[in-house]
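A.B. asks:
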Amino acid sequence: MTKRRLAAYGLNLVGVALLYALITLAFTFNAFGKSTTYIQGICTTACYTIIMVTSLNLVVGFMGEFSMGHAGFVSVGAYVSAIVSGALAGHGLSDLALLLVAILAGGLAAGIMGVTVGIPALRLRGDYLAIVTMAFAEIIRVCFCNFSITGGGKTMSGILKLSTFDRAFWIMVVCVTVMFLFVRSRFGRTVQAIREDYIAASASGINVTYYKVLTFAISAFFAGIGGGVYAHYMTAMIPTNFNFNYSAELLSEVIIGGTGSLTGSIIGAAFLSSLPELMRDFSTYRMLAYSIVLVLVMLFRPGGIFGRWEFSLNRLLDGIRHPKEKAAKGVLQIKVNRFCRKSPKKYSADSRVKMRTANRTPSKIGGSQMTK
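Under our numbering, the residues of the sequence shown are numbered 110 to 481, in order.
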C-alpha cells in the first residue's frame with residue numbers, strides 16, 4: 110500500500126471522527142431539544158441498517174448476483190447474538206465486551222449459514238438464485254417460529270439493551286471500512302472481474318465458485334453483525350420482522366443508492382431508514398413517498414443515484430486545491446467519449462482508457478493521434 114493511499118485512508122478516517130464529534134456535540138448540548146433521544150434512536154437505526162445494506166451490496170453490486178434472502182442472515186445474527194448475550198450476562202463482562210462477543214457470535218453463525226446456503230445456491234444465477242435465497246429466508250423464519258429458545262411464534266423479549274448510538278456508530282465504521290478494504294483488495298477485484306464476465310473469468314483459471322461462496326459468506330457475516338446490533342437496540346423481536354418485505358426493503362436501498370457503490374449504500378440506507386420516522390406525522394403518505402422515490406430512481410437513474418462512484422475526502426480536497434486541473438481532466442474525458450462514440454469500431458473501450466491515461470485525445474479534437 111502506497112503512502113498516498115495510506116494518507117487518503119487516514120484523511121477519510123479523520124473526516125469520520127469529525128462527523129462523530131459534531132453529532133455528539135449536538136446531542137450533548139441538546140441541539141434538538143426534547144427530540145434529542147428520538148433523533149439518537151433514528152441515528153442508531155441508520156447505523157445498523159447501513160451495515161445490512163452495505164453487506165448486501167457485496168453480493169448484488171460487486172458480485173453481480175441477485176439475492177432476496179438477506180433478511181434470513183440478519184435474523185440468524187439477531188437471534189444468535191441475543192441468545193449468547195443472555196447466556197453470558199452476569200459473568201463479569203462489561204456491556205461493551207458483552208455486545209462485541211454477542212454480535213461476533215451472531216456474525217459467525219450467519220457466515221456459516223452463508224457458506225451452507227452458498228455452496229449449492231451459487232451454482233445458479235439470476236432469477237433462480239433469487240428464488241433459492243428467498244426460500245432460504247422463509248425456511249429460517251419458519252424455524253424460528255417453531256424453536257422454543259427463540260420464543261416460538263411469539264415475541265422474544267428481555268434482550269439486554271447494549272446498543273447505544275456511540276457503539277452502533279463505531280461498529281458501523283469498522284464494518285464499512287473492512288468491506289471497503291475487501292472491495293479494493295485483490296480478492297475484491299477478482300470478484301468484480303467475475304461480475305463483468307463470468308465465462309472469461311472461469312476460462313482464465315479463476316475458481317468462480319470459491320470466490321462467490323466466500324463473498325456470500327462475508328456478506329452474511331456482516332449481515333449477522335447488523336442483526337446483532339439491531340437485536341440489542343430493539344430488545345424485543347418476532348420472526349415476522351424478518352419476512353420477505355424486509356429483504357425487499359434492504360434490496361431497494363441498495364438499488365436506490367447504487368449497486369457497486371458503498372457510498373451509495375450508506376447514503377441510501379441512512380436516508381430511507383430515516384424516512385419513515387421523519388414522516389411519522391404523515392403516516393398515510395409516507396409509503397407513497399417511499400414508492401415515488403423508487404419509481405423515479407428506476408426511471409432516471411437505473412444504476413442508482415451514485416452508480417459505482419465512491420466518495421473520497423482526499424479527492425474532494427484535491428479538487429478544491431486544484432480546480433483548473435480537475436476541470437481540464439473532465440473536459441478531456443468528455444471530448445474523448447464524444448469522439449469515440451462517433452467511431453465505436455475504430456476506438457474500443459480499451460483505446461479510450463489508454464487515451465485518458467496518456468492524457469491524449471484523437472487529432473480531430475486537438476491532440477496527438479491515438480494508434481492501436
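We put the beta carbon where it would ideally sit given N, CA and C, even for glycine.
1) Check the C-beta distance from M177 over to A230 and give it rounded, since I have them as a contact under 8 Å.
2) Thinking just about the alpha-carbon of each residue, which of L269, F278, I280 is nearest to the one in S203?
3) Using three-state DSSP, classify M172 as helix, strand or coil.
4) Nearest by alpha-carbon distance to M388: which of I151, A135, N121, N139 is it?
5) How long is the line joining the alpha carbons of K481 and L128, rounded to whole angstroms?
6) Taking only three categories from DSSP, how would you classify A436?
7) At which residues does the alpha helix (DSSP H) containing A206 begin and terminate?
8) Would V285 and T368 be called neighbours here (beta carbons separated by less than 8 Å)?
9) Do the region 307 to 327 and the region 183 to 202 touch if we need at least three Cβ pairs shorter than 8 Å?
10) Could you check which residue in G416, T225, V404 has the C-alpha nearest to that of I375?
11) What number of angstroms, rounded off, separates the C-alpha of S383 from the C-alpha of A198?
12) Can you list the alpha helix (DSSP H) stretches of 4 or more residues lying completely in the region 248 to 333, in chain order?
13) Work out the CA separation of F141 and A244 for me, nearest whole Å.
14) Pop quiz: L165 and H341 are said to be a contact at Cβ under 8 Å. What is the actual Cβ separation, rounded to whole angstroms?
15) In angstroms with no decimal places, state the Cα-to-Cα distance between I192 and V317.
16) Among residues of its own chain, excluding the 5 on either side of V282, which ones have a beta-carbon nearer than 7 Å to its beta-carbon?
17) Taking the straight line between their C-alpha atoms, what separation do you get for A180 and N121?
18) Consult DSSP for N166 and reduce its assignment to one of helix, strand or coil.
19) With respect to the alpha helix (DSSP H) encompassing A180, which residues constitute its N-terminal and C-terminal limits?
20) Please classify E305 as buried or exposed, where buried requires at least 16 neighbouring CB atoms within 10 angstroms.
21) How big is the Cα-Cα spacing for N352 and R250?
22) Do you know how far the Cα of Y147 is from the Cα of M265?
23) Closest by CA to A246, which one among P411, G412, S370, P348?
24) Go ahead and label A378 buried or exposed: buried means 16 or more other beta carbons lie within 10 angstroms of its beta carbon, across all protein chains shown.
25) Determine the burial state of Y320: buried for a count of at least 16 other Cβ atoms within 10 Å of its Cβ, exposed for fewer.
26) Have a look at the DSSP bridge pairing and note the partners of M346.
27) For N139, which residues in the same chain have their Cβ closer than 6 Å to its Cβ, ignoring the five residues on either side in sequence?
28) In or out: T137 buried (at least 16 other Cβ within 10 Å) or exposed?
29) Put S370 into one of helix, strand or coil per three-state DSSP.
30) Given this structure, state the Cα-to-Cα distance separating G223 from V322, to the nearest angstrom.
31) Using the rule of at least 16 other Cβ atoms within 10 Å of the residue's Cβ for burial, across every protein chain shown, is S370 buried or exposed?
32) Whole angstroms is fine: what's the gap from I228's alpha carbon to G373's?
33) Between V123 and Y237, what straight-line distance do the alpha-carbon atoms span, to the nearest angstrom?
34) Here's the rule: buried if 16 or more other CB atoms are within 10 angstroms of the residue's CB, otherwise exposed. What is L336?
35) State yes or no: is the C-beta of G235 within less than 8 Å of the C-beta of F171?
C.D. replies: Let's see:
1) That pair is no contact at about 11 Å.
2) L269
3) coil
4) I151
5) In this prediction, K481 scores a pLDDT of 38, lower than 50, which makes its location untrustworthy; the coordinate-derived value is nonetheless stated afterwards. Approximately 48 Å between the Cα atoms of the pair.
6) Any reading at A436 needs caution, since the residue's pLDDT is 49, under 50, leaving its predicted position unreliable; the model's value is listed next. If DSSP states are grouped into helix, strand and coil, A436 belongs with the helices.
7) 204 to 230
8) no
9) no
10) G416
11) 32 Å
12) 274 to 293, 295 to 305, 307 to 312
13) 43 Å
14) With 8 Å as the limit, L165 and H341 do not qualify as a contact, their Cβ atoms being about 21 Å apart.
15) 36 Å
16) V125
17) 30 Å
18) helix
19) 179 to 197
20) exposed
21) 7 Å
22) 24 Å
23) P348
24) buried
25) buried
26) M265
27) T145
28) exposed
29) coil
30) 8 Å
31) buried
32) 29 Å
33) 43 Å
34) Residue identity differs from the one stated: residue 336 is Gly in this sequence, not Leu. It is buried - the Cβ of G336 has at least 16 other Cβ atoms within 10 Å.
35) no
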